[in-house]
Structure formats: C-alpha cells, structure tokens
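One line per chain: the protein sequences are D and B, in this order.
When we follow our numbering, the leftmost residue of the first sequence carries the number 5, and every step to the right adds one.
When we follow our numbering, the leftmost residue of the second sequence carries the number 82, and every step to the right adds one.
Idealized CB from N, CA, C, for every residue including glycine.
All values derive from a computational prediction rather than experimental measurement.
Accompanying notes for the structure given below.
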Amino acid sequence: GENVEQHPSTLSVQEGDSAVIKCTYSDSASNYFPWYKQELGKRPQLIIDIRSNVGEKKDQRIAVTLNKTAKHFSLHITETQPEDSAVYFCAATQRGAQKLVFGQGTRLTINP
Amino acid sequence: GAVVSQHPSWVICKSGTSVKIECRSLDFQATTMFWYRQFPKQSLMLMATSNEGSKATYEQGVEKDKFLINHASLTLSTLTVTSAHPEDSSFYICSARKGNTGELFFGEGSRLTVL
C-alpha cells in the first residue's frame, strides 16, 4: 500500500520568510496529492491540492510542486504570516480510490 | 465547500462504557465516509472506511468488535467505541468524499476522554 513520508516534523521561520515542506510517496499509481492545514483542536482544512498531470500549482502565497519521477511533492508558503502557524499534512491517493494516506505532519511556527 | 458535521465535539466517559459518535454530511450524499484517529501531536490514522448499506472495511490492527461502524444512510455514519478504556482516549475525526473529485471534507472531530 501507499506510504507517505513528510519532512521536517517541525519548522520555525521568521515572519515574511518562506517555508517549504516536503513529502515522498511510494505508490507510483497515486495521482492526487492534497495538503491540509490543521490548527490545534480543529479539523484539517484543505489548502491546496495537485493532480499528477500537473507539475506545479499556485494559489496566492501557497504553491505545490510535484515530481512524479522522483515521487515527491512539496508545499511552498511565501511571505509567511503568524496565522500560517499550524500543523500541515500532506497526503496521497489514487483518484477515486478509497483511502487517503497522510504524512506525519509538520508543525510550522512563524516567529514575529 | 461541502459541510460535514460531527457530534459530540467532546465526551468524557467512565471506563467500560460505550460511546457513539455521529458523522453527517449536511449538503451532499456520501456513499463512503472515513474514520480517523489522531493522538496528540501525531498524524491522522485511518481506522476504517464506512460504506453505506454494507459492512465497514477496517484497517489492519483496528478491532472491528471494539469500534463499531454503521452507515445506515447516505448522510450518516456512526462510530461506537465499545467498552472504552483510557487508552481509547483520542481525537476521532470523520471525513466524507463529495463526488469523485478526490477532495475530502472533514468533520469537526470528537475528543474522547475515558476516565
């Protein structure tokens, strides 16, 4: 089955700087890669996703890149703000498949 | 986005009792819902896939007789933790997939504390 590895587990950056979180996946058949943001005690919220027919996707300060050959994808947050502080999870699945497999999570802290 | 509601948001119970958690898709029908468990500072671990009108599919290591799942309608799935013990204390989150887009919508989560 699919296995998703996420790094780093914790990340601290200065406000205004960029943050990058990386994930690798094992199943070459996976073709949908969402990223979730989870604040303490709350539900995960989808912030961006990418499908395997696309190499990069951007939404304002957030971007995701996908390298299918290497089986890794990354989340990029630019111009970080204090409200970006949260735990971020990557995930992978096959489109239409039942399971969504999550990475271990990255606790991002933005220092003012 | 779609709305998934979970109830109760938190519950405290005595060891040995059973607790039921409900997960509802409010504005769409979900033939499949998923139940996750999340321990503090850890990732979401899939427990089981709930299928409307049929038996749930449990992940390896999850006791189906302890975590009873019922998906009686296209908008409701329930998770019952039977004979709960302190080690069952956790954050339980359900999710549902709307259509075939792949995007999952999560409930608010239910924090279970077993004394």
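Simplified DSSP state of residue i, which is helix, strand or coil
i                      : result
residue 38 of chain D  : strand
residue 53 of chain D  : strand
residue 103 of chain B : strand
residue 9 of chain D   : strand
residue 63 of chain D  : strand
Cβ pair residue i, residue j closer than 8 Å
i                      : j                      : result
residue 23 of chain D  : residue 112 of chain D : yes
residue 143 of chain B : residue 129 of chain B : yes
residue 25 of chain D  : residue 78 of chain D  : yes
residue 9 of chain D   : residue 109 of chain D : no
residue 115 of chain B : residue 90 of chain B  : no
residue 103 of chain B : residue 194 of chain B : no
residue 119 of chain B : residue 171 of chain B : yes
residue 30 of chain D  : residue 72 of chain D  : no
residue 87 of chain D  : residue 20 of chain D  : no
residue 241 of chain B : residue 99 of chain B  : No answer is possible for residue 241 of chain B: it lies beyond the span of chain B, which begins at 82 and ends at 196.
residue 93 of chain D  : residue 125 of chain B : yes
residue 174 of chain B : residue 47 of chain D  : yes
residue 93 of chain B  : residue 185 of chain B : no
residue 3 of chain D   : residue 43 of chain D  : Here chain D covers residues 5 to 116 and nothing more, so residue 3 of chain D does not appear.
Contacts of residue i in chain D (Cβ-Cβ under 9 Å)
i                      : result
residue 125 of chain B : 40, 42, 48, 93, 95, 104, 106 and 109
residue 120 of chain B : Ordered by position in chain D, no residue passes the 9 Å Cβ test against residue 120 of chain B, which lies about 11 Å from the chain.
Within chain D, partners of residue i - CB distance below 8 Å
i                      : result
residue 190 of chain B : 45, 46 and 47
Cross-chain neighbours of residue i in chain D, by beta carbon under 7 Å
i                      : result
residue 174 of chain B : 47
residue 187 of chain B : 47 and 48
Beta carbon proximity, residue i to chain A, threshold 8 Å
i                     : result
residue 86 of chain B : Checking the listed chains, one finds no chain A in this structure; the protein chains it contains are D and B.
Check whether the segment 151–161 of chain B touches the segment 82–98 of chain B, counting contact only when three or more Cβ pairs, one atom from each stretch, lie closer than 8 Å. Contact between the segment 151–161 of chain B and the segment 82–98 of chain B is absent, because fewer than three Cβ pairs lie under 8 Å.
For the segment 124–184 of chain B, list the beta strand (DSSP E) runs that are entirely contained and at least 3 residues long, ordered along the chain. 126–132, 148–154, 157–162 and 171–178
Taking three-plus beta-carbon pairs below 8 Å as touching, is the segment 24–44 of chain D in contact with the segment 53–69 of chain D? Output reads yes: the segment 53–69 of chain D touches the segment 24–44 of chain D.
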